[in-house]
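Just so you know, we're using the working numbering here: the sequence shown kicks off at -14 and counts up by one.
We put the CB at the ideal spot given by N, CA and C, even for glycine.
None of the values given here were measured: they were computed from a predicted structure.
What follows is a short report on a single structure.
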Amino acid sequence: MPAFDSGLERLSTVDKALPVTAEHTTAAEFLATQPRLSAFTTPVMTLDDSAIDQNLAAMASWCAAHGVELAPHGKTTMAPAVWARQLDAGATAITLAMSHQVRVAVHFGIRRIQLANALIDPVALRWLVTAMADLPDLDVTVWADSPQTIDAMLAALDGISVSRPIPVLVELGAPGGRTGARSIAEAEAVAARIAAADALRLAGVCGYEGALAHDRTEASLARVRGYLEDMAQLHRRLEAQHLYPEDGDIVVSAGGSAYFDLVAAVLAPLAGERVHVVIRAGASVIHDDGFYTGITPLQPGTDGNGSDGGDPAYRLRSAMHVWARVVSRPEPGLALLDAGKRDLPFDEGLPTPQLVAEQLGSPATPLVGGRITAVNDQHAFLTIPPDCDLRVGNVVRLGLSHPCTAFDKWRWIPLVADDSSDDPAVIDLIRTYF
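Now the structure itself:
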């Protein structure tokens, strides 16, 4: 597995939340001082090492039991240190969304990548061809949803020597969805166009079911299942038409972090000697206290198939929190915190107040009756019961919703050994590359 070590990078107090004592040190030198969370300034986002371990083990166990592979979406964290842990836990590749993210991954030694997007930028395509020539073990698979996509790729590669054909997955979409061919027939035409191109190789089918639903109502689950059944039908048609090459892996890929149970139920039967069914649940390694808690199939009391009494080994828990300080109590029932849109995700629900402490690192107790009602650029509005004894200077731990829009707000994120302790030890600094 690729190794990643951020320990040689130098820290600076221009990086949010890092203490003054970190200035001019490397990450390794700073960590050697055995810092505690209380050394940091607010607001500060933390990651819980024990929760990450639990989530990695849960997903690895679930995938093995359900006959699918995991290529987690790395754009969730853009943290090579997290990617390395996911690969060590059994992930077969890292999924990414943009060409610059692929360059980051290749730089840090990732060699199996699914680019869940079209790659038609001429400069990016030519870089990929060069990288594939220089790195024989580099395997980057891209998506295409129209003949025009293939035409754009071939135009960009015109006159370029391609040492190995670029693997391409045909993306099936659905009316009202995001990208993707809008019918099986349209997707078949894309596949035929790929198969006829010497510079490309038809490598399978793919799609994203998460754009079709946002909850686990019966209507939403039926919509997702119908879409996945269309994906399975598309794959079988391509096999029947002998459009796949005679050798090499074939990938059937769907499955964000909300409906991967349905993906396994519908698509796992397609897996075989050459066919790999791959889910891309990127948020599972971090999970959350909001959107994904409400929609994941791996909730307490389920077994990942929607039935009660599930295996606790499959359960996920949030590994991310933000500590923010009370900076104002302008009126009864209202407190302002020093964290806002530049520090907190808010697109899939506002943060939820969980704990309050006198200071960062001091004993914390549950904050009862609190609710975040709005966030400005640098402030969060916390409503509290009128008789709540919340004081200026106190710190509040916030549960977050949607890790995909949390990590991009932080360059360095302290990893604590166990965030249930009062003043946890900081055992690593997780570096992001957005």
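Reference residue i, options the options, closest by Cα
i, options, result
"residue 400", "5, 55, 206, 29", "29"
"residue 313", "183, 388, 143, 376", "376"
"residue 55", "325, 374, 44", "44"
"residue 358", "319, 343, 348", "319"
"residue 146", "63, 119, 201", "119"
"residue 59", "249, 317, 302, 265", "265"
"residue 255", "39, 221, 7", "221"
"residue 25", "361, 397, 403, 418", "397"
"residue 391", "418, 413, 166", "418"
"residue 166", "137, 181, 128, 140", "128"
"residue 412", "34, 267, 372, 140", "34"
"residue 389", "332, 402, 178, 65", "332"
"residue 133", "369, 232, 176, 111", "176"
"residue 303", "268, 121, 80", "268"
"residue 62", "157, 105, 80, 47", "80"
"residue 260", "233, 370, 283, 11", "233"
"residue 371", "317, 414, 349", "317"
"residue 51", "245, 284, 410", "245"
"residue 92", "78, 109, 116", "116"
"residue 149", "121, 136, 137", "121"
Cβ of residue i within 9 Å of any chain C Cβ
i, result
"residue 254", "The structure shown contains no chain C, having only a single protein chain."
Whether residue i touches residue j by CB criterion (9 Å)
i, j, result
"residue 263", "residue 67", "no"
"residue 247", "residue 237", "no"
"residue 386", "residue 330", "yes"
"residue 125", "residue 152", "yes"
"residue 383", "residue 322", "yes"
"residue 22", "residue 408", "yes"
"residue 311", "residue 380", "yes"
"residue 280", "residue 201", "yes"
"residue 123", "residue 184", "no"
"residue 250", "residue 196", "no"
"residue 361", "residue 394", "no"
"residue 213", "residue 239", "yes"
"residue 103", "residue 139", "no"
"residue 64", "residue 82", "no"
"residue 364", "residue 324", "yes"
"residue 76", "residue 298", "no"
"residue 230", "residue 180", "yes"
"residue 345", "residue 369", "no"
"residue 6", "residue -7", "no"
Exposed unless 16 or more other CB atoms sit within 10 angstroms - verdict on residue i
i, result
"residue 99", "buried"
"residue 90", "buried"
"residue 300", "buried"
"residue 426", "Residue 426 lies beyond the range of the chain shown here (-14 to 419); nothing can be said about it."
"residue 219", "buried"
"residue 286", "For residue 286, the predicted structure reports a pLDDT of 49, less than 50, and the residue's modelled location is therefore unreliable. The matter cannot be settled from this model."
"residue 49", "exposed"
"residue 84", "buried"
"residue 315", "exposed"
"residue 294", "The predicted position of residue 294 is uncertain, since its pLDDT is 36 and thus under 50; a value taken from the coordinates is nonetheless stated next. Result: exposed."
"residue 354", "exposed"
"residue 288", "The pLDDT assigned to residue 288 is 49, lower than 50, so where the model puts this residue is not dependable; a value taken from the coordinates is nonetheless given after this. Buried, since its Cβ has 16 or more Cβ neighbours within 10 Å."
"residue 194", "buried"
"residue 9", "exposed"
"residue 131", "buried"
"residue 405", "exposed"
"residue -3", "exposed"
"residue 416", "buried"
"residue 275", "buried"
"residue 347", "exposed"
"residue 87", "buried"
"residue 38", "exposed"
"residue 374", "exposed"
"residue 282", "buried"
"residue 111", "exposed"
"residue 20", "buried"
"residue 328", "buried"
"residue 178", "buried"
"residue 78", "buried"
"residue 136", "exposed"
(Q) Quick check for students: name the residue ranges of the beta strand (DSSP E) that lie wholly in the segment 114 to 178, counting only runs of 3 or more. (A) 124 to 129, 151 to 156
**Q.** Start-end ranges of the alpha helix (DSSP H) lying completely within the segment 191 to 270, minimum 4 residues
**A.** 203 to 225, 245 to 252
| query | Does the segment 196 to 207 touch the segment 168 to 187, meaning 3 or more C-beta pairs lie closer than 8 Å? | reply | no
Contact between the segment 302 to 320 and the segment 24 to 41 (3+ Cβ pairs under 8 Å):
yes
Three-pair Cβ contact test at 8 Å for the segment 153 to 166 versus the segment 189 to 201
yes
> Counting pairs of Cβ atoms below 8 Å between the segment 4 to 23 and the segment 336 to 343, do you hit three or more?
Replying inline: no
Margin query: With a threshold of 8 Å, are at least 3 pairs of Cβ atoms found where one atom belongs to the segment 97 to 112 and the other to the segment 70 to 78?
Written below: yes
#### Entry: Residue ranges of each alpha helix (DSSP H) within the segment 12 to 87, 4 or longer
12 to 17, 34 to 51, 65 to 73
Restricting to runs no shorter than 3 residues, where is the beta strand (DSSP E) found entirely within the segment 305 to 350? 305 to 316, 319 to 322, 337 to 342
Q.
Extract the residue ranges of the beta strand (DSSP E) inside the segment 357 to 414, only unbroken runs of 3 or more that lie entirely within it.
A. 365 to 368, 380 to 384, 397 to 401
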